[in-house]
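*Asks:*
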Amino acid sequence: MDARFDYHGNPVGAKVVKHIFSASKTVWDSTLPAATRQLVEIRVSQINGCAVCIDMHTKDAAHAGETPVRLNLVAAWREATVFTDAERAALELAEQGTRIADGAGGVTDEAWADAAKHYDEDQLTALVSLIAVMNTWNRLNVITQQPAGDYRPGQWG
Numbered sequence: 206m207d208a209r210f211d212y213h214g215n216p217v218g219a220k221v222v223k224h225i226f227s228a229s230k231t232v233w234d235s236t237l238p239a240a241t242r243q244l245v246e247i248r249v250s251q252i253n254g255c256a257v258c259i260d261m262h263t264k265d266a267a268h269a270g271e272t273p274v275r276l277n278l279v280a281a282w283r284e285a286t287v288f289t290d291a292e293r294a295a296l297e298l299a300e301q302g303t304r305i306a307d308g309a310g311g312v313t314d315e316a317w318a319d320a321a322k323h324y325d326e327d328q329l330t331a332l333v334s335l336i337a338v339m340n341t342w343n344r345l346n347v348i349t350q351q352p353a354g355d356y357r358p359g360q361w362g
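For the sequence shown, position 26 matches number 231 in this note's numbering, and the numbering has no gaps at all.
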């Protein structure tokens, strides 16, 4: 598959990507645990069907030491025993925050309270921002049909 066009090579697209990347970097530099961040990046991308982001984030997570078992079970995290309570709370928040348009009514008070038990205010801010930024990246990539499979760990920063 070929991309519909070179979004990154377009002057407007390049400016937009620069700002989205800056927001991503802010989240990466936060105190949100890297493993949690990686799991959320993967799960949001799975929900949105963003092949290029799934390719990138699973490879980056594996390169950073994430286990194949956990990577293989992200899509079925509710039934898996390999995730911490904090990671499960983050994954639930990510799912509810990503599926807003599915008529589920947004993020429940229960999901928010569970996440707040495990993450401080700065980490919650980073987590919410991560969910929003990943949904943005996913939509840009899905709309422009960015191809997946050739990503090398660390390629984009």
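Every residue gets a Cβ at the ideal spot worked out from N, C-alpha and C, and that includes glycine.
Bear in mind that the values here come from a model prediction, so they are computed numbers and not experimental data.
Among T313, D307, T286 and A285, which residue has its Cα nearest to the Cα of L298?
*Replies:* Of the candidates T313, D307, T286 and A285, the one whose C-alpha sits nearest the C-alpha of L298 is T313.
*Asks:* Name the residue from L276, H224, D319 and V338 whose alpha carbon lies nearest to the alpha carbon of D290.
*Replies:* For D290, the nearest C-alpha among the options comes from D319.
*Asks:* State the CB to CB distance for the pair V245 and L329, rounded to an integer number of angstroms; the pair is presumed to be in contact (CB under 8 Å).
*Replies:* Rounded, the Cβ-Cβ distance is 12 Å, inconsistent with contact.
*Asks:* Quick one: grab the DSSP three-state call for Q301.
*Replies:* Q301 falls in the helix class under three-state DSSP.
*Asks:* Could you tell me which uninterrupted alpha helix (DSSP H) segments, each at least 4 residues in length, are contained entirely in the region 225 to 303, listed from first to last along the chain?
*Replies:* Within the region 225 to 303, the complete alpha helix (DSSP H) runs of at least 4 residues are 239 to 253, 256 to 268, 273 to 278 and 290 to 303.
*Asks:* Note down the Cα distance separating R293 from W282, rounded to an integer number of angstroms.
*Replies:* R293 and W282: Cα-Cα distance of roughly 7 Å.
*Asks:* Can you list, in chain order, the residues of its chain with a C-beta nearer than 7 Å to that of A208? Leave out the 5 residues immediately preceding and following it.
*Replies:* Excluding sequence neighbours, A208 sits near T349, Q350, Q351 and P352.
*Asks:* Which one of I305, F210, Y324 and I225 has the shortest CA to CA distance from W361?
*Replies:* Per the Cα distances, I225.
*Asks:* Give the single residue among A228, I252, V279 and K264 whose Cα lies nearest to the Cα of P358.
*Replies:* Selected option, being the one with the closest Cα: K264.
*Asks:* Can you tell which of V338, N346 and G354 has the C-alpha that lies nearest to the C-alpha of A228?
*Replies:* The shortest Cα separation from A228 among V338, N346 and G354 belongs to V338.
*Asks:* Taking the alpha carbon of T303 as the reference point, which residue from N253, K220, K223 and D327 has its own alpha carbon closest?
*Replies:* Among N253, K220, K223 and D327, the Cα nearest to that of T303 is on N253.
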